[in-house]
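Undergrad: Got a structure for you, written out below as structure tokens; questions coming shortly.
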Amino acid sequence: MPPYTITYFPVRGRCEATRMLLADQGQDWKEDVVTMDMWMKGDLKASCLYGQLPKFTDGDLTLYQSNAILRYLGRKYGLYGKDDREQALLDVANDGLEDLRRKYLGLIYQNYISFADYNLLDLLLVHQTLAPQCVDDFPLLSAYVARLSSRPKLKAFLASPQHTGLPINGNGKQ
Ligand code: GTS
């Protein structure tokens with residue numbers, strides 16, 4: 330039996346760096362996979378510190394927080410610098426990565442829109458006006474146009490005379 334167990338959802342998510350570290354250091358581990366159905370029952374969540382996964386065990390030691398798990402394994406396998414100074418610099422780098430991960434998670438899971446999206450949508454709609462099939466062969470772009478254009482307030486604006494009543498350029502094309 331490997332000494333380590335990773336308890337997590339069936340995704341790479343916040344555990345893949347731990348898995349990569351263990352694999353690269355020649356270690357085995359057990360995966361305790363938690364489906365959403367299991368999680369929604371609530372008892373595992375209630376048992377977790379902070380009510381979240383991942384949970385990591387090394388024998389009788391139980392850890393939560395993905396970066397604490399990485400730091401623990403970093404210390405254990407000599408991957409945490411050679412002195413306080415290097416350790417501090419590694420902490421700076423890892424905290425920066427956490428900031429980046431949070432931004433990435435916001436992009437994936439939240440309703441993310443930026444001013445550049447309006448600019449891109451405008452250009453794509455102009456292209457579709459001039460050549461209606463031009464994005465049909467690009468499923469991601471087509472889905473992007475459909476998704477943004479269906480935002481309720483934007484949809485109402487795009488259907489309004491304020492938008493449809495104006496030519497796209499000085500050549501009169503509408
Ligand atoms: N700071 C924690 C860490 O780094 O471990 C965050 C853990 C976290 O956000 N866990 C999420 C969770 O348990 C899953 S994931 O975002 O890592 O995929 N969500 C379920 C819940 O009920 O909060």
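The opening position of the sequence shown corresponds to residue 330 in this note's numbering, with each subsequent residue numbered one higher.
For every residue, glycine included, the Cβ atom is placed at its ideal position computed from N, Cα and C.
Just so it is clear, the structure is predicted and the values come from calculations on it, not from any experiment.
#1: According to the Cβ coordinates, are Thr-334 and Trp-358 closer than 9 Å?
#2: Can Gly-342 be considered in contact with the ligand GTS, in the sense that its beta carbon sits closer than 8 Å to one or more heavy atoms?
#3: Using DSSP with H/G/I as helix, E/B as strand and the rest coil, what is Val-464?
#4: Do you know whose CA, among Leu-399, Asp-372 and Tyr-337, lies nearest Met-349's CA?
#5: Could you tell me how far apart the beta carbons of Ser-395 and Cys-344 are, in whole angstroms, since I believe they sit closer than 8 Å?
#6: Please look up how many angstroms separate the CB atoms of Gln-354 and Tyr-401, rounded, as I've assumed it's under 8 Å.
#7: Quick check on the DSSP output: the alpha helix (DSSP H) that includes Lys-484 runs from which residue to which?
#8: For Ser-376, verify whether its CB is less than 8 Å away from any heavy atom of the ligand GTS.
#9: Note down, one range per segment and in chain order, each alpha helix (DSSP H) of at least 4 residues found wholly within the stretch 331 to 418.
#10: Run through DSSP, which three-state label would Tyr-447 get?
#11: May I have the straight-line CA-CA distance separating Pro-332 from Leu-483, to the nearest angstrom?
#12: Is Asn-500 helix, strand or coil when you go by DSSP?
#13: Can you grab the Cα-Cα spacing for the pair Tyr-441 / Arg-414, in whole Å?
#14: State the DSSP-derived secondary structure class of Tyr-438, mapped to helix, strand or coil.
TA: Concretely, from the data shown:
#1: To locate residue 334, count along the sequence shown from 1; it is residue 5. To locate residue 358, count along the sequence shown from 1; it is residue 29. Taking 9 Å as the Cβ cut-off, Thr-334 and Trp-358 qualify as a contacting pair.
#2: For this step, residue 342 is matched to residue 13 along the sequence shown. In this structure, the C-beta of Gly-342 approaches the ligand GTS to less than 8 Å from one of its heavy atoms.
#3: Sequence index remark: in the sequence shown, residue 464 carries index 135 (1-based). It is coil, neither helix nor strand.
#4: On the sequence shown, position 20 is the one that residue 349 refers to. Per the Cα distances, Leu-399.
#5: Taking the first residue of the sequence shown as 1, we reach residue 395 at position 66. Taking the first residue of the sequence shown as 1, we reach residue 344 at position 15. With a Cβ gap of about 7 Å, Ser-395 and Cys-344 count as contacting.
#6: Position 25 of the sequence shown, counted from the first residue, corresponds to residue 354. Position 72 of the sequence shown, counted from the first residue, corresponds to residue 401. That pair is no contact at about 13 Å.
#7: Walking along the sequence shown from the start, residue 484 turns up at place 155. Run containing Lys-484: 481 to 488, per the alpha helix (DSSP H) assignment.
#8: Translated into positions along the sequence shown, residue 376 becomes position 47. No; taking the cut-off as 8 Å, the Cβ of Ser-376 has no heavy atom of the ligand GTS nearer than that.
#9: Whole alpha helix (DSSP H) segments, 4+ residues: 345 to 353, 365 to 369, 372 to 376 and 395 to 405.
#10: Sequence index remark: in the sequence shown, residue 447 carries index 118 (1-based). If DSSP states are grouped into helix, strand and coil, Tyr-447 belongs with the helices.
#11: Here the question's residue 332 lines up with position 3 in the sequence shown. Here the question's residue 483 lines up with position 154 in the sequence shown. Whole-angstrom Cα-Cα distance: 54 Å.
#12: Taking the first residue of the sequence shown as 1, we reach residue 500 at position 171. Of the three classes helix, strand and coil, the one that applies to Asn-500 here is coil, per DSSP.
#13: What you label residue 441 is simply residue 112 of the sequence shown in a count that begins at 1. What you label residue 414 is simply residue 85 of the sequence shown in a count that begins at 1. So the alpha carbons of these two residues sit roughly 38 Å apart.
#14: Residue 438 sits at position 109 when you count from the first residue of the sequence shown. In this structure, Tyr-438 counts as helix in the three-state DSSP scheme.
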